[in-house]
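**Student:**
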Amino acid sequence: MSEFKQLVFSGVQPTGNLHLGNYLGALQKFVALQDTYECIYCVVDMHSLTATLVHDDLVEQTRGIAAAYLACGLDPKKNIIFNQARVPQHAELAWIFNCVARIGWMNRMTQFKDKAGKDRENASLGLLAYPSLMAADILLYRATHVPVGEDQKQHLELTRDIAQKFNNDFSEKIANLGYGVEMMVGEEQVNGFFPLTEPLIEGPAPRVMSLRDGSKKMSKSDPSDLSRINLLDDADTIARKIKKAKTDPAPLPGDVEGLAGRPEADNLVGIYAALAGVSRENVIEEFGGRQFSEFKPALADLAVEKLAPIGEEMRRLKADPAYIDSVLRDGGERASVKAEATMKQVHEIVGLLAN
Ligand code: TRP
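Just so you know, we're using the numbering used here here: the sequence shown kicks off at 136 and counts up by one.
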């Protein structure tokens, strides 16, 4: 019995500067996964056209995400690192998935509802079909695992729905061509061309909140730069932002339960834990009962130690766009080999004359 080869795929969209939330929620996890899985990390530049069509610095932003991947420690030899637009099969498979997925599925996506706002009729068709392109990203490589944050889980479920419908609709063709792969779906053994990709949740997934308001997510669009730590911030800026972070007057509690109802304290403890690679309990064991005047300098030191070298390396890499482009080109070539192999079989399954 053949099985799907374990493969991780993930992508980051090149819009806006990366911040601590992106680092802890995505990049740090990507780095940890490269030791155990074969991984493909994509800069999903075509996704950036869905909400805003015209960008004045998309190329720059694309290189910026690639620089962040490298600066965080992703090895471009071990993994495939590339940008989506280099591999046109993403768009091609997305088209086929547009014909698999139902309009109702897309209309139900909370991200679409949020981004389209009140004037849905005027949203781009690309924004509506965004999850179809995301499914294509993943399934073009028949990836089995995707590290995603909470906010992308619904899109990953939709990816599974698309894979399942494709597998069902073409089950006879897939079997006749001998392209089916066995997989377990719950207790049941089924056969399909596309895997039902699983989310990968590694370690505690901190929701990194604004440093100015513990009830809001850290966001690149918050007007206050003090609300977030950007990956490109230098050591002084990182330390200053942590010292200015909002807190309440009480010292840190003696146990994690005591963080309930104290969003700012909870956020800073969560950030410390995630950066140090320990649990919140461990942080409270060390700092419980202490004042923020003691905890904040420790957190600032840790954040500077972990993040400042990344920012420095990003700046160095961004000054060498030719090197970044060469990494993306090489990754694109390796991704293309896999993409072409999948699409050859998809053409046969769907019955498109393309050879
Ligand atoms: N939608 C993802 C986000 O906004 C980005 C993305 C695009 C992605 N394609 C993907 C993530 C494939 C994982 C796998 O974060």
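Idealized CB from N, CA, C, for every residue including glycine.
Since S145 sits in a beta bridge, which residues does DSSP pair it with?
**Tutor:** DSSP output for S145 lists Y176 as bridge partner(s).
**Student:** Name the two residues that bound the continuous beta strand (DSSP E) containing I215.
**Tutor:** Start and end: 215-218.
**Student:** Can we count G146 as close to the ligand TRP, meaning its CB is less than 6 Å from some heavy atom?
**Tutor:** Checking the Cβ of G146 against the ligand TRP gives yes.
**Student:** Taking just the CA atoms, how far does A229 sit from H280?
**Tutor:** Those two C-alpha atoms are separated by around 19 Å.
**Student:** Residue range of the beta strand (DSSP E) that N303 falls in?
**Tutor:** Per DSSP, N303 belongs to no beta strand (DSSP E); it is in the alpha helix (DSSP H), 288-304.
**Student:** Any heavy atom of the ligand TRP closer than 6 Å to the beta-carbon of I273?
**Tutor:** Yes.
**Student:** Between the alpha carbons of L346 and D192, how many angstroms are there, rounded?
**Tutor:** Going from the Cα of L346 to the Cα of D192 covers about 28 Å.
**Student:** Only counting the same chain, and skipping five residues up and downstream in sequence, which positions put a Cβ closer than 7 Å to that of L184?
**Tutor:** Around L184: G261.
**Student:** Within the chosen definition, does the segment 268-285 reach the segment 137-144 through at least 3 CB pairs nearer than 8 Å?
**Tutor:** Output reads yes: the segment 137-144 touches the segment 268-285.
**Student:** For the segment 364-392, which segments carrying the alpha helix (DSSP H) assignment without a break, of at least 4 residues, lie completely within its bounds, in sequence order?
**Tutor:** Fully enclosed alpha helix (DSSP H) runs of 4 or longer: 370-379.
**Student:** Which stretch, first to last residue, makes up the beta strand (DSSP E) that contains N326?
**Tutor:** It spans 323-327 - the beta strand (DSSP E) in which N326 sits, taken as one unbroken run.
**Student:** From the DSSP output, which residues share a beta bridge with E333?
**Tutor:** The partner list for E333 (beta bridge, DSSP) reads H280.
**Student:** Which one of L155, E138, I297, T150 has the shortest CA to CA distance from I445?
**Tutor:** Checking every option, the nearest Cα to that of I445 belongs to L155.
**Student:** Curious, which full-length beta strand (DSSP E) runs of at least 3 residues does the segment 423-486 contain?
**Tutor:** Within the segment 423-486, no complete beta strand (DSSP E) run reaches 3 residues.
**Student:** Taking the DSSP output, what are the residues bridged to K352?
**Tutor:** DSSP, once it has assigned bridges, lists M344 as partnering K352.
**Student:** Would the C-beta of H280 count as close to the ligand TRP, meaning under 6 Å from any of its heavy atoms?
**Tutor:** Result no, Cβ not under 6 Å from the ligand TRP.
**Student:** What does the Cβ neighbour count give for Q324, buried or exposed, with the cut at 16 atoms within 10 Å?
**Tutor:** So Q324 ends up on the exposed side.
**Student:** Can you have a look at L487 and say buried or exposed, based on whether 16 or more other CB atoms are within 10 angstroms of its CB?
**Tutor:** So L487 counts as exposed.
**Student:** Which residues bound the beta strand (DSSP E) around V189?
**Tutor:** Element bounds for V189: n/a, residue is neither H nor E.
**Student:** Suppose the cutoff is 6 Å on Cβ atoms and the five residues either side in sequence are ignored; what does the same chain contact list for G208 look like?
**Tutor:** Once the five neighbours on either side are set aside, the close Cβ partners of G208 are V166.
**Student:** With C-beta atoms as the reference, is V404 less than 7 Å away from V418?
**Tutor:** Contact flag set, yes.
**Student:** Is the beta carbon of R469 less than 7 Å from the beta carbon of I215?
**Tutor:** In this structure, I215 lies closer than 7 Å to R469 by Cβ.
**Student:** In the DSSP assignment, the beta strand (DSSP E) including E317 goes from what residue to what residue?
**Tutor:** Taken as a continuous stretch (DSSP letters only), the beta strand (DSSP E) holding E317 covers 316-320.
**Student:** Provide the residue span of the alpha helix (DSSP H) that contains P223, from first to last.
**Tutor:** Neither: P223 is in no alpha helix (DSSP H) and is coded neither H nor E.
**Student:** Are there any heavy atoms of the ligand TRP lying less than 6 Å away from the beta-carbon of M112, as far as the coordinates show?
**Tutor:** In this structure the chain extends from 136 to 490, so residue 112 is not present and cannot be described.
**Student:** Given 8 Å as the limit, is there contact between the segment 420-431 and the segment 371-389, that is, 3 or more CB pairs closer than that?
**Tutor:** Yes, the segment 420-431 is in contact with the segment 371-389.
**Student:** With 16 other CB atoms within 10 Å as the buried threshold, where does E285 fall?
**Tutor:** Exposed, by the Cβ-count rule.
**Student:** Would you decide whether D368 is buried or exposed? Buried here means 16 or more other CB atoms lie within 10 Å of its CB.
**Tutor:** With 16 or more Cβ atoms within 10 Å of its Cβ, D368 is classed as buried.
**Student:** Can you list, in chain order, the residues of its chain whose CB lies under 6 Å from that of D360, leaving out five sequence neighbours each side?
**Tutor:** Result list for D360: empty, nothing under 6 Å.
**Student:** What is the rounded straight-line gap between the Cα of A456 and the Cα of L442?
**Tutor:** The sequence shown places Pro at residue 456, not Ala. Approximately 22 Å, taken between the alpha carbons.
**Student:** Nearest by alpha-carbon distance to A161: which of Y204, H182, F328 is it?
**Tutor:** Measuring from the Cα of A161, the nearest candidate turns out to be Y204.
**Student:** If you count every other CB in all the chains shown that lies within 10 Å of the CB of A264, and 16 or more means buried, which is it?
**Tutor:** Result: buried.
**Student:** Going by beta-carbon coordinates alone, are K376 and I364 separated by less than 7 Å?
**Tutor:** Yes; because the gap between Cβ atoms is below 7 Å, this pair is in contact.
**Student:** First and last residue of the alpha helix (DSSP H) that includes P398?
**Tutor:** Start and end: 398-411.
**Student:** Please report the straight-line C-alpha distance between E448 and S471, rounded to a whole angstrom.
**Tutor:** Cα to Cα, E448 sits roughly 28 Å from S471.
**Student:** Assign E399 to one of two classes, buried (16 or more other C-beta atoms within 10 Å of its C-beta) or exposed (fewer than that).
**Tutor:** Per the 10 Å Cβ criterion, buried.
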